[in-house]
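*Asks:* Could you have a look at this structure, given as structure tokens, before my questions?
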Amino acid sequence: MVVASSPGKLILLGEHAVVYGRPAVAVAVDLRLRVEARLSGVCRVNGYPMDWRYHSYMVKSMERHWSGPPLDVITGGELPPGSGLGSSAALTSAFNLCLMEMSGEHDEKELARRSYGVELAIQSNASPIDTSTVTHGQGIMVSPEREEGHLWSLSRGDTEWHVHHCQVPELSLVIGNTGVHAPTGPLVAKVRRFYESNAFAKEVVDEIGQITREGLVCLRHNDVTRLGELMTRDHRLLAILGVSSPELDKLVEASLPHSYGAKLTGAGGGGSMVALTDDPGRVAAVIRRRGGTPYVVRTGVPGTMLEV
Ligand code: PMV
Numbered sequence: 347m348v349v350a351s352s353p354g355k356l357i358l359l360g361e362h363a364v365v366y367g368r369p370a371v372a373v374a375v376d377l378r379l380r381v382e383a384r385l386s387g388v389c390r391v392n393g394y395p396m397d398w399r400y401h402s403y404m405v406k407s408m409e410r411h412w413s414g415p416p417l418d419v420i421t422g423g424e425l426p427p428g429s430g431l432g433s434s435a436a437l438t439s440a441f442n443l444c445l446m447e448m449s450g451e452h453d454e455k456e457l458a459r460r461s462y463g464v465e466l467a468i469q470s471n472a473s474p475i476d477t478s479t480v481t482h483g484q485g486i487m488v489s490p491e492r493e494e495g496h497l498w499s500l501s502r503g504d505t506e507w508h509v510h511h512c513q514v515p516e517l518s519l520v521i522g523n524t525g526v527h528a529p530t531g532p533l534v535a536k537v538r539r540f541y542e543s544n545a546f547a548k549e550v551v552d553e554i555g556q557i558t559r560e561g562l563v564c565l566r567h568n569d570v571t572r573l574g575e576l577m578t579r580d581h582r583l584l585a586i587l588g589v590s591s592p593e594l595d596k597l598v599e600a601s602l603p604h605s606y607g608a609k610l611t612g613a614g615g616g617g618s619m620v621a622l623t624d625d626p627g628r629v630a631a632v633i634r635r636r637g638g639t640p641y642v643v644r645t646g647v648p649g650t651m652l653e654v
């Protein structure tokens with residue numbers, strides 16, 4: 347039997363602008379998803395037959411990367427599905443580590459490549475941010491050029507992403523899930539229409555890029571005060587790009603009096619926001635009071651790994 351776990355992830359700075367070649371920073375968080383896999387006579391997941399309709403990431407992974415006998419798989423852990431915390435990337439990376447371990451392979455870069463390939467096959471517009479963050483852990487910075495700390499490069503069509511290691515201090519964050527489901531594709535398309543028709547949108551995207559660069563310096567120096575200010579500014583800029591929502595704004599504004607800063611995280615339109623705070627209990631309480639589901643998380647955690 348092999349057991350592997352992956353952390354959840356969130357984008358700290360740079361979403362949407364990353365589509366236009368600006369950098370983005372994402373961090374792994376300490377809510378983990380676990381996958382247990384053992385050789386068996388029949389493919390099962392949590393006691394049910396493995397089925398493309400419910401287990402597409404595992405079926406695709408086995409199609410591409412497994413030629414052994416059927417597997418009995420058990421999944422579990424604390425990472426909530428469908429909350430913008432990268433649960434499909436975490437599942438894909440942990441399951442593929444189980445497959446690699448059972449084949450005697452050990453290579454983080456190959457795991458990141460396989461996980462991205464599987465996610466891309468299922469969600470045709472995926473960027474490698476989610477799978478790279480959960481695979482590597484700590485933090486990653488994605489940019490259009492190779493820079494110091496380069497880990498690997500991944501591409502989709504003509505677009506190439508260079509993924510870099512980013513050392514992250516232990517930050518105390520509270521995620522607030524709005525419960526509003528908002529798929530990434532239409533939000534990326536909405537920003538593209540604005541970006542291509544309006545010079546002001548380009549200025550906004552440029553400023554998000556500058557903020558992300560400054561945020562990287564803050565992470566290196568553990569300057570949470572400035573990092574929080576940058577996050578709040580990033581939220582305002584993302585709102586100008588049209589990807590916030592009344593629910594996200596409500597949770598961000600409610601969190602700000604008790605936080606260094608707060609912003610939407612990921613594609614927006616719904617999904618989740620994140621607050622950087624040294625009073626997580628209070629922020630979680632205000633998020634709950636405003637109708638959101640809070641998750642208190644910490645950063646500085648390892649990526650996909652085998653469990654003993
Ligand atoms: O859907 P999420 O939470 O992984 O975030 C998408 C981030 C975007 O920048 C909006 C899109 C992308 O592919 O980078």
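Just so we're aligned, residue 347 is where the sequence shown starts under our numbering, counting upward by one. A virtual CB, placed ideally from N, CA and C, is assigned to each residue, including glycine. Computed from a predicted model, the values in this text were never measured in an experiment.
Name the DSSP bridge partner or partners of residue 355?
*Replies:* The residue labelled residue 355 in the question sits at position 9 within the sequence shown. Its beta-bridge partners are 374.
*Asks:* Determine whether the beta carbon atoms of residue 643 and residue 601 lie at a separation below 8 Å.
*Replies:* Here residue 643 refers to the residue found at position 297 of the sequence shown. Here residue 601 refers to the residue found at position 255 of the sequence shown. Cβ atoms of residue 643 and residue 601: not closer than 8 Å.
*Asks:* Buried or exposed for residue 592, please, with buried defined as at least 16 other CB atoms from any protein chain shown within 10 angstroms of its CB.
*Replies:* Translated into positions along the sequence shown, residue 592 becomes position 246. It is exposed - the Cβ of residue 592 has fewer than 16 other Cβ atoms within 10 Å.
*Asks:* In angstroms, rounded to a whole number, what distance separates the CA positions of residue 512 and residue 417?
*Replies:* Start at 1 with the first residue of the sequence shown, and residue 512 comes out as number 166. Start at 1 with the first residue of the sequence shown, and residue 417 comes out as number 71. Distance between the alpha carbons of residue 512 and residue 417: 35 Å.
*Asks:* Write down the C-beta distance between residue 494 and residue 476 rounded to the nearest angstrom, noting that I regard them as a contact closer than 8 Å.
*Replies:* Counting from 1 along the sequence shown, the entry for residue 494 is found at position 148. Counting from 1 along the sequence shown, the entry for residue 476 is found at position 130. The Cβ separation is near 23 Å, so there is no contact.
*Asks:* Compute the Euclidean distance between the alpha carbons of residue 482 and residue 400, then round it to the nearest angstrom.
*Replies:* Within the sequence shown, residue 482 is the residue found at index 136, counting from 1. Within the sequence shown, residue 400 is the residue found at index 54, counting from 1. The alpha-carbon atoms of residue 482 and residue 400 are separated by roughly 26 Å.
*Asks:* Applying the 10 Å Cβ sphere with the 16-neighbour rule, what's the burial state of residue 577?
*Replies:* Counting from one through the sequence shown, the residue named residue 577 turns up at place 231. It is buried - the Cβ of residue 577 has at least 16 other Cβ atoms within 10 Å.
*Asks:* Quick check on the DSSP output: what are the complete beta strand (DSSP E) runs of length 3 or more inside the region 465-501, in order along the chain?
*Replies:* 485-489
*Asks:* Which residues in the same chain have their Cβ closer than 7 Å to the Cβ of residue 412, if we skip the five residues on either side of it in sequence?
*Replies:* Counted from its first residue, the sequence shown places residue 412 at position 66. Counting only Cβ-Cβ distances below 7 Å, and skipping sequence neighbours, we find 445.
*Asks:* In whole angstroms, give me the CA-to-CA distance for residue 524 and residue 531.
*Replies:* Working through the sequence shown from its first residue, we reach residue 524 at position 178. Working through the sequence shown from its first residue, we reach residue 531 at position 185. The alpha-carbon atoms of residue 524 and residue 531 are separated by roughly 18 Å.
*Asks:* Helix, strand or coil for residue 416 per DSSP?
*Replies:* In the sequence shown, residue 416 corresponds to position 70, counting from 1. The answer is coil: DSSP assigns residue 416 none of H, G, I, E or B.
*Asks:* So the candidates are 434, 646, 621 and 453; which of them puts its Cα closest to the Cα of residue 469?
*Replies:* Residue 469 sits at position 123 when you count from the first residue of the sequence shown. Considering only 434, 646, 621 and 453, the residue with the shortest C-alpha distance to residue 469 is 434.
*Asks:* Can you find the residues in the same chain that come closer than 8 Å, C-beta to C-beta, to residue 588, ignoring five residues on each side of it along the sequence?
*Replies:* Position 242 of the sequence shown, counting from 1, holds the residue named residue 588. Closer than 8 Å at Cβ, skipping near neighbours: 536, 537 and 540.
*Asks:* Quick check: what's the CA-CA separation for residue 409 versus residue 403?
*Replies:* Within the sequence shown, numbered from 1, the residue matching residue 409 stands at position 63. Within the sequence shown, numbered from 1, the residue matching residue 403 stands at position 57. Using only the alpha carbons, I get a separation of about 10 Å.
*Asks:* Check this for me: beta carbons of residue 390 and residue 349, under 8 Å apart or not?
*Replies:* Translated into the one-based positions of the sequence shown, residue 390 becomes position 44. Translated into the one-based positions of the sequence shown, residue 349 becomes position 3. Not closer than 8 Å, so no.
*Asks:* Is residue 606 closer than 8 Å to residue 622 when the C-beta atoms are compared?
*Replies:* For this step, residue 622 is matched to residue 276 along the sequence shown. For this step, residue 606 is matched to residue 260 along the sequence shown. Contact flag set, yes.
*Asks:* With respect to 7 Å, is the separation between the Cβ of residue 473 and the closest non-hydrogen atom of ligand 1 below this value?
*Replies:* Your numbering for residue 473 matches position 127 in the sequence shown. Answer for residue 473: yes, Cβ within range of ligand 1.
*Asks:* Can you give me the C-alpha to C-alpha distance between residue 441 and residue 383, rounded to a whole angstrom?
*Replies:* The residue you call residue 441 lines up with position 95 of the sequence shown. The residue you call residue 383 lines up with position 37 of the sequence shown. Taking the CA atoms as reference points, residue 441 sits about 8 Å from residue 383.
*Asks:* The beta strand (DSSP E) spanning residue 368 covers which residue range?
*Replies:* Reading the sequence shown from its first residue, position 22 is the one you call residue 368. Element bounds for residue 368: n/a, residue is neither H nor E.
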